[in-house]
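In the UniProt record's numbering, the protein residues as written are 1 to 205.
Even glycine gets a Cβ: it sits at the ideal position worked out from N, Cα and C.
Keep in mind the model is a prediction, meaning the values are calculated, not measured.
Note sheet for the following structure.
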């Protein structure tokens with residue numbers, strides 16, 4: 001899929017922040033026509049990964065403190081709601097699958113590639129079992145979160161995200177939807193001790 005290939009290229013830094021993008025060049029590189037590239041670019045813009053101005057430019061978005069805050073806040077509220085619904089609605093078999101996927105996140109250790117792959121698999125599964133298909137329309141947000149976590153200089157916070165998944169596993173076992181939602185919001189700095197970190201980004205960026 002063209003969108004996935006371009007999103008992965010942005011997340012992994014192959015397409016750098018601020019880099020200009022031309023649909024014909026991308027089409028040539030990917031071996032496709034311009035139409036799927038244009039559709040992918042529109043989707044990337046909605047995901048916050050690129051910026052477009054008609055007849056002026058199409059470029060990879062710049063990573064700024066405001067963009068980091070907005071992306072993480074959006075993710076906190078969105079994924080908090082998804083996790084809450086999934087925790088309440090999933091079957092015992094689905095809960096076992098969710099815990100197995102979280103186990104892979106924990107097992108990724110300091111391997112960033114393995115972590116992001118495992119985390120995406122977990123989030124995609126929770127979106128699938130939450131019982132509301134409208135959330136599928138927002139699944140592209142995870143690419144923006146991965147982009148922020150990979151390229152913003154806060155390695156310690158990335159380690160916090162990994163540790164929070166262990167708490168989340170406990171909430172899933174207990175089927176505690178309130179706690180699961182609270183943990184996810186804390187992970188993304190909406191509530192809890194990490195909120196101050198994002199509030200002070202302008203001083204640390």
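Asked: Taking residue 10 as the reference, which of 29, 60, 23 and 22 has the closest Cα?; Found: 60
Asked: Is it right to say residue 113 is buried, meaning 16 or more other beta carbons lie within 10 angstroms of its own, or is it exposed?; Found: exposed
Asked: Give the straight-line distance between the Cα atoms of residue 164 and residue 48, rounded to the nearest whole angstrom.; Found: 25 Å
Asked: Whose C-beta lies closer than 7 Å to the C-beta of residue 50 among residues of the same chain, with five residues either side of it excluded?; Found: 21, 41, 44, 58, 59, 60 and 61
Asked: Taking the alpha-carbon positions, what's the residue 176 to residue 182 distance?; Found: 10 Å
Asked: From what residue to what residue does the alpha helix (DSSP H) around residue 175 run?; Found: Note, residue 175: premise wrong, no alpha helix (DSSP H); not H, not E.
Asked: Helix, strand or coil: which one does DSSP assign to residue 56?; Found: coil
Asked: Just mark residue 245 as buried or exposed, buried being the case when its beta carbon has 16 or more other beta carbons within 10 Å.; Found: With the chain covering 1 to 205 only, the question about residue 245 has no answer from this structure.
Asked: Please list, in chain order, all residues of the same chain as residue 136 whose beta carbon is under 7 Å from its beta carbon, the five residues on each side excluded.; Found: 127
Asked: With DSSP collapsed to three states, give me the class of residue 51.; Found: strand
Asked: Can you give me the C-alpha to C-alpha distance between residue 85 and residue 26, rounded to a whole angstrom?; Found: 39 Å
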